[in-house]
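S.K.: Once you know that position 669 of the sequence shown is 669 in the UniProt record's numbering, the rest is easy, because the numbers rise by one and skip nothing. Input: one structure, supplied below.
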Amino acid sequence: MEHKEVVLLLLLFMKSGHGDPLDDYINTQGASLSTLSKKQLEAGSVDDCAKKCEEETGFICRSFQYHSKEQQCVLMAENSKSSSVFRMRDVVLFEKRMYLSECRIGNGRSYRGTVSKTKTGVACQKWSDNVPHKPNYTPASYPLEGLEENYCRNPDNDKEGPWCYTTDPNQRFDYCSIPECEDECMHCSGENYEGKISTTMSGLECQPWNAQSPHAHGYIPSKFPNKKLKMNYCRNPDGEPRPWCFTMDPTKRWEFCDIPRCTTPPPTSGPTYQCLMGNGENYGGNVAVTVSGHTCQRWSEQTPHKHNRTPENFPCKNLVENYCRNPDGEMAPWCYTNSNEPRWEYCQIPSCDSSPPTDQADSPAPPEQTPVVQKCYHDNGESYRGTSSTTITGKKCQAWSSMTPHRHEKTPENYPNAGLTMNYCRNPDGDKGPWCYTTDPEVRWEFCNLKKCSQTEESVIKPLSETQVLSAEPSSKPDCMFGNGKAYRGKKATTVAGTPCQGWAAQEPHRHSIFTPTTNPRAGLEKNYCRNPDNDDNGPWCYTMNPKKLFDYCDVPQCELSSFDCGKPKVEPKKCPGRVVGGCVANPHSWPWQISLRTRFGKHFCGGTLISPEWVLTAAHCLERSSRPSSYKVILGAHREIRLEADVQEIEVSKLFLEPTRADIALLKLSSPAAITNKVIPVCLPPPNYVVADRTVCYITGWGETQGTFGAGLLKEAQLPVIENKVCNRYEYLNGRVKSTELCAGHLAGGTDSCQGDSGGPLVCFEKDKYILQGVTSWGLGCARPNKPGVYVRVSTYVPWIERTMRNN
C-alpha cells in the first residue's frame, strides 16, 4: 500500500476535533495478543508507538503493544476480535476503536465491525466472491474500504449506510442494521453515551468528574471504570432519564444535558426473562403487584404519583402497562403504587431456575474481602486460600467464573485444584505471587495487595520504624521494603524465580538504555541489586541473566512497621448482608474500634469509634445530656452490652470537644490511653474531604435498638451501600434534607437499619487493605422505613478539625 494512501485512510477515519491520537485507541494494561502478523520496533514512548502504527505500510495496523521497560513497540494487523488475549507483565495493549466498534459514525463509511447479515437477516456474500452476484466493489479494486470477509461496509459512501451483496440470488444487495455510535447522539437514556458535550441544558459548564469542587460527589472515575466518566463530559451513571453533569455553578449542583437522540434503532439489549435474572433489568413479565400487595400504577400515568420514569424517558426499558420493571438499576424490579403510601415498592418476582451466563455483563462483581484470615502468602502463593480480593493498586478483583470485563481461560473448570473461588486472589499459573483479573476494563490483571509471609509473621520481632530502616548504615539495613520499594537499597540480587540479576551497567545478555546508573543516578542502580527505578506498583525488579527473559520481579518482603495497624482487625469480620435492625451478630472483636459510650453508672446509650489510643469520635447529640466529661465513660474491647467480659477496658473521659460549627460530631479525650491489643485497635481516618464513591459497600456496628430482632445485647453488624447525595436527596427518598457534610447509606427497601443506641457509632468502608472511618451515625427518619436511608456525618470533612484538636490537646 502506498504511503499516501495510508495518510488518506487516516484522514478518512480520524474524527474532526481530535487532538490526542490515543483517543482513537482502547488501551488495556497487562494484555498481550497472540499474533503472527506483527512488527517489532524500538519506541521511546506510547505516542511514538502510535505514530509508527499510523505510518505502517506493510499491513493495516489495527493494534500495537508497548513494553515500557524494553522501550519496544509491537505493531499488529490483528486485534482482540481476531486473536487470543493473554496476560503479560509490563505491557499495554492499544487497539484502534474503529476495528472494535460495532456502531457507525454518520453514514458508516468508516465502519469496520463484523456484522455480516442484512437488516432482514440474510447472510452477506463475501466481497471477494463472484457468486451468486458479480460485485462492482472488490478488495482488489477498493483496498482502502475494508472489504474483508462478508462484513457490511459502505464503499460507495451511500447515505443510507453500510450494506452488502447478499447470498440470496434474487436480491443483489441490501442494507445492514448498524446502530449509530453514541458520541454525537444517544440511544435509550444515554447510559452508553461517550460524546464530548460538556454544557448543561441551561448553558452551564460541567464540572470535571475527577474534581470535588465546587460540588463534592461520589461518582469517582476510578471507582466506576465502566461509566466512562472522562473530563467534564455529560454522562448518565445513575439511571437518570438522560445524561447530566455536576456544574461549575456553586448554586446549581447538577443539571441535565441536551443530547439529541440517535435516529437508528439502539443495539439489542439481549433477551428478556419472565423470571428474576440478576437484578431484573431484563425482566419482561406481567407481575403488577408489589411485595405488600399494592397494585402498580401505570408507567405512563402521573397519578397518584408524579414521576419521570416514563416510557418516553426510558424508551428501552419496556415500561408497558403497570408491569414491574427495573429501569434505573435498583436491586430488583419495582413500581409506583396505586396508593398514596408507599410511593413505590419492590415486586416479588420468581427467580429463574437456571443461573445467568457467566459472561453476562450485568452480573454484579463480588465485594472486596478483608485479607485477615490469611493476610500473607508462602513461597509464590500457589497455596494461598485467603479471602483478599483487592489488587496492589486497590482495584476490585473480577470473579474467576466471570468473563466480564475480561475474557480468559483461568476458570474453576480449567483449573479445578487452584481454589478459584469467588473473586479471591489466587496464583493458578505459578507467577511470583497471587493475582487476579480486575473489574477495570483498562487493566486486565494485577498482583494482589498481599505480602509474603516472613519471619515477622511467625515469631515476635520488635517492629522497626521507617526512619530507623532508611537511616541505618548500609551494612545493617534489613532486607525489606516499604510500599512499592522505590526507596529500597538492599542487596537482593535474584528474581522470584531464583535467576541472578544482570548488572544495571551491563549490556549482556540484554541491551538497554533507559535504566542505567548514568541515566538514573538517584535510583540506586548499584551492581545487580534489585531496584524500582520506574516506580512500578509491583515492586523492585531487575534485568535477568536469562537471555530469554528480559526482566523479572524480586522477592523483597515488606518491612514491619507496627504489630497493630489501624483499621486491620485481628479477627475476620462476618460481613453479613442486612443492617443492624434485623442484621446479624458480629464475630466477637472483629470490629475492635467500636466503643460503648456509657453514663457514669454504666448504662450504654451511644456508640463511638476509637481513632487513637487516647481519642474517641462520636456524635455531638450523644453529649446533650451533660457538658461535664465526668458524666461519661468508655468501654473498649466488649462484645456483650451487659455482663461484660473480664478483659474489657473501662476508661473515664477527661475532655469533650464539640465541632465548632455545630455539626453532629464530637471528640472525647480519654483520661488514660487505651491498651492496644487483639481486641482494641483504632480505625483509620480518611484523607481530608475524601468522598466515598456511590454504591460502595460499607459496614455499621452497634448495640442499639433491635426492635425485637435476634441479637439484642450483643454487638451487631451489617452491610450498607453508600447512596450518592444526588440520589438520596430525590423527592421519594430524603427530599433535599441531606447536607454535603453528610452521607447516606442504606437499602431502600427498608426493613432493617441503624437505630436508637447506635448513634455516634462507626460507618466504616474497606479500602485496599484496611477499614476507614467514613461516617458517624447521626440521624434518620425513623428506623428501617422504606425509602428512608440512614444519614451519617461525613468524617472526611472534619479531619482537619479532628487532627488540630488532637494535636493541641
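Glycine included, each C-beta is placed from N, C-alpha and C at the ideal position.
So within the segment 696-742, which uninterrupted beta strand (DSSP E) runs reach at least 3 residues, ignoring any that extend past its ends?
M.R.: Within the segment 696-742, the complete beta strand (DSSP E) runs of at least 3 residues are 697-702, 716-723.
S.K.: Using three-state DSSP, classify Ser596 as helix, strand or coil.
M.R.: Position 596 of the sequence shown holds residue 596. Note: Ser596 maps to strand in three-state DSSP.
S.K.: Short of 6 Å in beta carbon distance, which residues of its chain neighbour Arg112, apart from the five on each side in sequence? Order them along the chain.
M.R.: Taking the sequence shown and counting its residues from 1, one reaches residue 112 at position 112. Around Arg112: Met98, Tyr99, Gly146.
S.K.: Helix, strand or coil for Asn27, going by three-state DSSP, please let me know.
M.R.: Residue 27 sits at position 27 when you count from the first residue of the sequence shown. Here Asn27 sits in strand by DSSP.
S.K.: Which one or two residues does DSSP pair with Trp801 in a beta bridge?
M.R.: Counted from its first residue, the sequence shown places residue 801 at position 801. Answer is none; Trp801 lacks a bridge partner.
S.K.: Restricting to Cα atoms, I'd like to know which of Ser383, Pro241, Ile220, Pro687 is closest to Thr696.
M.R.: In the sequence shown, counting from the first residue as 1, residue 696 sits at position 696. When each option's Cα is compared against that of Thr696, the closest is Ile220.
S.K.: Under the assumption that Val78 contacts Leu41 (Cβ atoms under 8 Å), give the Cβ distance between them as a whole number of angstroms.
M.R.: Mapped onto the sequence shown, residue 78 falls at position 78. Mapped onto the sequence shown, residue 41 falls at position 41. Checking the displayed sequence, the identity of residue 78 turns out to be Glu instead of Val. No, Glu78 and Leu41 are not in contact; Cβ-Cβ is about 17 Å, not under 8 Å.
S.K.: Using only CA atoms, which one of Thr118, Thr120, Lys119, Tyr137 lies nearest to Trp127?
M.R.: Against the sequence shown, residue 127 aligns to sequence position 127. Among Thr118, Thr120, Lys119, Tyr137, the Cα nearest to that of Trp127 is on Tyr137.
S.K.: When the Cβ atoms of the segment 288-301 are set against those of the segment 319-335, are three or more pairs found closer than 8 Å?
M.R.: Cβ pair count under 8 Å is three or more, so yes.
S.K.: Please state whether DSSP places His683 in a helix, a strand or coil.
M.R.: Along the sequence shown, read from residue 1 onward, the residue named residue 683 stands at position 683. Rather than His, the amino acid found at residue 683 in this sequence is Val. Here Val683 sits in coil by DSSP.
S.K.: Cβ of Asp174 within 8 Å of Cβ of Thr247?
M.R.: Counting from 1 along the sequence shown, the entry for residue 174 is found at position 174. Counting from 1 along the sequence shown, the entry for residue 247 is found at position 247. Cβ distance not < 8 Å, so Asp174 and Thr247 don't count as in contact.
S.K.: Closer than 6 Å by C-beta to Arg309: which residues in its own chain qualify, once you throw out the five before and the five after it? Chain order, please.
M.R.: Locating residue 309 in the sequence shown gives position 309, where the first residue counts as 1. Same-chain partners within the cutoff: Pro327.
S.K.: Does the segment 263-276 come within contact of the segment 290-306, defined as at least 3 CB pairs closer than 8 Å?
M.R.: Flag = no, the segment 263-276 and the segment 290-306 do not touch.
S.K.: Grouping DSSP H, G and I as helix and E and B as strand, with all else coil, what is Ala674?
M.R.: By one-based count along the sequence shown, residue 674 stands at place 674. Note: Ala674 maps to coil in three-state DSSP.
S.K.: How is Lys633 classed by DSSP in three states: helix, strand or coil?
M.R.: Position 633 of the sequence shown, counting from 1, holds the residue named residue 633. Strand at Lys633.
S.K.: Within the segment 316-355, note down every full beta strand (DSSP E) run reaching 3 residues or more, in order along the chain.
M.R.: Segments of the beta strand (DSSP E) lying fully in the segment 316-355: 334-336, 344-346.
S.K.: Does the beta-carbon of Leu617, which I'm using as the reference point, lie nearer than 7 Å to any heavy atom of the ligand HEM?
M.R.: Although the ligand HEM was asked about, the structure shown includes no ligands whatsoever.
S.K.: Where Cys73 and Arg444 are concerned, what is the direct C-alpha to C-alpha distance, given to the nearest angstrom?
M.R.: Mapped onto the sequence shown, residue 73 falls at position 73. Mapped onto the sequence shown, residue 444 falls at position 444. Their Cα atoms are separated by approximately 19 Å.
S.K.: Which residue wins for smallest C-alpha separation from Ala712, given the options Ala718, Gln719, Lys228, Trp703?
M.R.: As a first step, residue 712 is located in the sequence shown; it is residue number 712 there, counting from the start. When only C-alpha atoms are compared, the closest one is Trp703.
S.K.: Val683 and Leu597 - do their beta-carbons sit closer together than 8 Å?
M.R.: For this step, residue 597 is matched to residue 597 along the sequence shown. For this step, residue 683 is matched to residue 683 along the sequence shown. No, the Cβ-Cβ distance between Leu597 and Val683 is not below 8 Å.
S.K.: Should Ile259 and Cys206 be called a contact, given that it needs their Cβ atoms to be closer than 8 Å?
M.R.: Start at 1 with the first residue of the sequence shown, and residue 259 comes out as number 259. Start at 1 with the first residue of the sequence shown, and residue 206 comes out as number 206. No; because the gap between Cβ atoms is not below 8 Å, this pair is not in contact.
S.K.: Locate the beta strand (DSSP E) running through Met88, then write down its first and last residues.
M.R.: For the purposes of this step, residue 88 is identified with residue 88 of the sequence shown, where counting begins at 1. Note, Met88: beta strand (DSSP E), 85-96.
S.K.: For the candidate residues Trp344, Arg261, Glu341, whose alpha-carbon lies nearest to that of Phe314?
M.R.: Taking the first residue of the sequence shown as position 1, residue 314 is located at position 314. Nearest of Trp344, Arg261, Glu341 to Phe314, Cα basis: Arg261.
S.K.: Would you kindly work out how many angstroms separate the C-alpha atoms of Arg407 and Lys81, rounded to a whole number?
M.R.: Taking the sequence shown and counting its residues from 1, one reaches residue 407 at position 407. Taking the sequence shown and counting its residues from 1, one reaches residue 81 at position 81. Cα-Cα distance, rounded: 11 Å.
S.K.: Measuring alpha carbon to alpha carbon, tell me which of Phe94, Asn546, Asp479, Ile105 ends up nearest Arg511.
M.R.: As a first step, residue 511 must be located in the sequence shown, where it is residue number 511. For Arg511, the nearest C-alpha among the options comes from Asn546.
S.K.: Relative to the C-alpha of Thr120, which residue among Thr167, Ala745, Asp156, Asp158 is closest?
M.R.: The sequence position of residue 120 within the sequence shown is 120, counting from 1. Selected option, being the one with the closest Cα: Thr167.
S.K.: What first and last residue would you give for the alpha helix (DSSP H) that runs through Asp48?
M.R.: Sequence index remark: in the sequence shown, residue 48 carries index 48 (1-based). First-last of the alpha helix (DSSP H) with Asp48: 46-55.
S.K.: If you follow the beta strand (DSSP E) that Trp163 is part of, which residue opens it and which one closes it?
M.R.: For the purposes of this step, residue 163 is taken as residue 163 along the sequence shown, with counting starting at 1. First-last of the beta strand (DSSP E) with Trp163: 163-165.
S.K.: Between the Cα of Glu413 and the Cα atoms of Thr404, Pro428, Pro405, which residue gives the shortest distance?
M.R.: Here residue 413 is taken as the residue at index 413 of the sequence shown, counted from 1. It is Pro428 whose Cα lies nearest to the Cα of Glu413.
S.K.: Going by DSSP, name the residue or residues bridged to Lys39.
M.R.: Walking along the sequence shown from the start, residue 39 turns up at place 39. Lys39 pairs with Leu75.
S.K.: By Cβ distance below 8 Å, which residues in the same chain neighbour Gln297 in space, the five residues on each side in sequence not counted?
M.R.: The count along the sequence shown starts at 1 and reaches residue 297 at position 297. Answer for Gln297: Thr303, Pro304, His305, Asn322, Cys335, Tyr336, Thr337, Asn338, listed in chain order.
S.K.: Please confirm whether Arg640 and Leu714 have their CB atoms less than 8 Å apart.
M.R.: Along the sequence shown, one-based indexing puts residue 640 at 640. Along the sequence shown, one-based indexing puts residue 714 at 714. Yes, the Cβ-Cβ distance between Arg640 and Leu714 is below 8 Å.
S.K.: In three-state terms, what does DSSP make of Leu763?
M.R.: As a working mapping, residue 763 is identified with position 763 in the sequence shown. The answer is strand: DSSP assigns Leu763 an E or B state.
S.K.: Just curious, the beta strand (DSSP E) that residue 810 is in, first and last residue?
M.R.: The structure shown has nothing for residue 810, since the chain only spans 1 to 809.
S.K.: Could you check if Val653 is buried or exposed, using at least 16 other CB atoms within 10 Å of its CB as the buried criterion?
M.R.: The residue given as residue 653 occupies position 653 in the sequence shown. Classification for Val653: buried.
S.K.: From the DSSP output, read off the bridge partner residues of His67.
M.R.: By one-based count along the sequence shown, residue 67 stands at place 67. According to DSSP, His67 bridges with Gln72.
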